[in-house]
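One structure is given below, encoded as structure tokens.
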DNA sequence: CCTCCACCGGAACGTGAGGAGT
DNA sequence: ACTCCTCACGTTCCGGTGGAGG
């Protein structure tokens, strides 16, 4: 890619043969036909749901597990098989999948459910209980078992648990149809905020998905790579390395698949005939940077200012800094960009939020006579962080701002 | 063993935006 | 148009605390 005209560039890129056979297989949306190392969970789930085939109401189920442990894949997979089996047995059974991150209000959820049964519900405008009624009518027209998979159910709870309450007692109001729910969550503690009644009804059965270890991730990757890549284009170290990286990230298979895909794309971009170890390393870096950019960009302004204070302190040689120091710099910055200065109490909370987002690492330590404070370390690449922060129009005049650093912590 | 620093972090409260009901 | 809510975001107030130095 030198001074070629665009035409030649396209030509080059076209002639450059793809390393992929079917890239879609590596995307998170793809549901594979077999799921290695999840047979225990599949069996468990199937055992509970089998009563649907006998026309009974299966217990409600809660599925827990960290990201990329195959929760969604297993739930969908079993759902599909169940529907197929119910067809051949002629015992009607419908499995619906709802992602609560996209459909995140009570109204939209009910409207969506009703719509899947052919009801015409406007996007907005109706009272919620009317939509609920419509949905009940729609499903109660015949003997059938409805199973609703609520993915990322914790997102739904944040906006109130009315929906779950309504859905969990819907069976008492139905005469012919039966409904049960499968909640999928990656937050182990989210039921704490739930009304106890819902909690017990929803969590009749619970299935835990443990993280994969490196060995298991390798198996998954091999299976997918078979379909995704042309033969012989993967260096033998590629899969183990992807697996190792992903295993460090609490056994996230999705991450491993991303790595494998991005590594391939990078190799392709360099017109290499083979995906090598270095491409995996580049991919690891690229994914991390992309994540940081994404997260930092969408931060509220006050959090950006707080984060920039930490960045500045690192410039001046402070490897780990304290809340007091950050607040000191933060105030100077606020004056400089004409923003309201928040209290230290609030900034302390902002720091904790940044910690939870994985941008910082804040640990409370006691320095004896010199008090007790959070020790804060930046846990993302400083260069790209600064760049993204300065892209914000409210911060860009800070590009060459020099803070006054006092010798000792004070004020 | 006691002190005392420099914060932590819980609790209660204020405010303004936005939605639902009437 | 109106009240009544809830929610996110902040503030004020304040009791609590691990451990270096006396």
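Residue numbers (the working numbering): 241 to 651.
Here a beta-carbon is modelled for each residue, glycine too, at the ideal position from N, C-alpha and C.
**Asked** For residue 457 versus residue 486, is the C-beta distance shorter than 8 Å?
**Response** The count along the first chain starts at 1 and reaches residue 457 at position 217. The count along the first chain starts at 1 and reaches residue 486 at position 246. Closer than 8 Å, so yes.
Mapping DSSP to helix, strand and coil, what is residue 515? The sequence position of residue 515 within the first chain is 275, counting from 1. Note: residue 515 maps to strand in three-state DSSP.
| said: By the DSSP assignment, the alpha helix (DSSP H) with residue 257 in it spans what residues? | reply: Taking the first residue of the first chain as 1, we reach residue 257 at position 17. Careful: residue 257 lies outside any alpha helix (DSSP H) and carries neither H nor E.
Original post:
In chain order, what residues of the same chain have a beta carbon less than 8 Å from the beta carbon of residue 484, not counting five sequence neighbours either side?
Top reply: To locate residue 484, count along the first chain from 1; it is residue 244. Only 454 meet the Cβ criterion.
* Asked: For the 8 Å Cβ check, are there 3 or more pairs between the segment 381-388 and the segment 401-420?
  -> yes
**CB-CB length for residue 336 against residue 389, believed under 8 Å** = Within the first chain, residue 336 is the residue found at index 96, counting from 1. Within the first chain, residue 389 is the residue found at index 149, counting from 1. The pair is a contact, with the Cβ atoms about 7 Å apart (cut-off 8 Å).
Taking the Cβ atom as the reference point for each residue, do residue 478 and residue 520 lie within a distance shorter than 8 Å? Reading the first chain from its first residue, position 238 is the one you call residue 478. Reading the first chain from its first residue, position 280 is the one you call residue 520. Taking 8 Å as the Cβ cut-off, residue 478 and residue 520 qualify as a contacting pair.
Please classify residue 540 as buried or exposed, where buried requires at least 16 other C-beta atoms within 10 Å of its C-beta.
As a first step, residue 540 is located in the first chain; it is residue number 300 there, counting from the start. So residue 540 ends up on the exposed side.
With a cut-off of 8 Å, do at least 3 Cβ pairs link the segment 339-358 to the segment 245-264?
no
Give the straight-line distance between the Cα atoms of residue 325 and residue 317, rounded to the nearest whole angstrom.
-> Residue 325 sits at position 85 when you count from the first residue of the first chain. Residue 317 sits at position 77 when you count from the first residue of the first chain. Taking the straight line from one Cα to the other gives about 12 Å.
With distance defined between alpha-carbon atoms, name the residue in 252, 588, 461, 289 nearest to residue 274. Mapped onto the first chain, residue 274 falls at position 34. Check the Cα spacing between residue 274 and each of 252, 588, 461, 289: the tightest is with 461.
Handout entry: Rounded Cβ spacing between residue 299 and residue 408 (contact assumed at less than 8 Å)
Key = Position 59 of the first chain, counted from the start, is the residue given in the question as residue 299. Position 168 of the first chain, counted from the start, is the residue given in the question as residue 408. Incorrect: roughly 12 Å between the Cβ atoms, too far for contact.
Classify residue 469 as buried or exposed, calling it buried when 16 or more other Cβ atoms lie within 10 Å of its own Cβ.
Counted from its first residue, the first chain places residue 469 at position 229. That one is buried.
- State the DSSP-derived secondary structure class of residue 278, mapped to helix, strand or coil. Position 38 of the first chain holds residue 278. Three-state DSSP puts residue 278 in coil, outside helix and strand.
### Message
Please classify residue 643 as buried or exposed, where buried requires at least 16 neighbouring CB atoms within 10 angstroms.
### Response
Position 403 of the first chain holds residue 643. Classification of residue 643: buried, given that the 10 Å Cβ count is 16 or more.
message = Suppose contacts are defined by Cβ-Cβ distances below 8 Å. Is residue 452 in contact with residue 277 by that definition?
response = To locate residue 452, count along the first chain from 1; it is residue 212. To locate residue 277, count along the first chain from 1; it is residue 37. Going by C-beta atoms, residue 452 is nearer than 8 Å to residue 277.
Three-way DSSP call (helix, strand, coil) for residue 285 in this model:
Locating residue 285 in the first chain gives position 45, where the first residue counts as 1. Looking at residue 285 - three-state DSSP - the assignment turns out to be helix.
- Query: Looking at C-alpha atoms only, which residue of 311, 270, 321, 304 is the closest neighbour of residue 652?
  - Reply: Examination of residue 652 is not possible in this model, given that the chain is present from 241 through 651 alone.
Taking the alpha-carbon of residue 636 as reference, which of 578, 597, 341 has the nearest alpha-carbon? What you label residue 636 is simply residue 396 of the first chain in a count that begins at 1. Closest option to residue 636, Cα to Cα, is 578.
(Q) Comparing C-alpha positions only, which one of 506, 387, 615 sits nearest to residue 559? (A) The residue you call residue 559 lines up with position 319 of the first chain. When each option's Cα is compared against that of residue 559, the closest is 615.
Span separating the alpha-carbon of residue 304 from that of residue 323: Translated into the one-based positions of the first chain, residue 304 becomes position 64. Translated into the one-based positions of the first chain, residue 323 becomes position 83. Those two C-alpha atoms are separated by around 23 Å.
* **Between the CA atoms of residue 254 and residue 649 - distance to the nearest angstrom** => Here the question's residue 649 lines up with position 409 in the first chain. Here the question's residue 254 lines up with position 14 in the first chain. The predicted position of residue 649 is uncertain, since its pLDDT is 40 and thus under 50; no value can be drawn from it.
| message | Among 585, 343, 248, 263, whose alpha-carbon lies nearest the alpha-carbon of residue 613? | response | One-based indexing of the first chain puts residue 613 at position 373. Residue 585 is the option with its Cα nearest to residue 613.
- [ ] Measure from the alpha carbon of residue 542 to the alpha carbon of each residue in 570, 645, 557, then state which is nearest.
- [x] Residue 542 sits at position 302 when you count from the first residue of the first chain. It is 570.
Q. Can you list, in chain order, the residues of its chain whose CB lies under 6 Å from that of residue 602, leaving out five sequence neighbours each side?
A. Walking along the first chain from the start, residue 602 turns up at place 362. Same-chain partners within the cutoff: 591, 595, 614, 616.
Alpha carbon to alpha carbon, what distance is there between residue 445 and residue 387? Indexing the first chain from 1 puts residue 387 at position 147. Indexing the first chain from 1 puts residue 445 at position 205. Straight through space, the alpha carbons of residue 445 and residue 387 are spaced by roughly 14 Å.
On a CA-only basis, which of 568, 534, 533, 538 is nearest residue 550? Give me that one, please.
Indexing the first chain from 1 puts residue 550 at position 310. It is 568.
Q) According to the neighbour-count rule (16 or more other Cβ atoms, all chains shown, within 10 Å of its Cβ), is residue 310 buried or exposed? A) Taking the first residue of the first chain as position 1, residue 310 is located at position 70. Buried.
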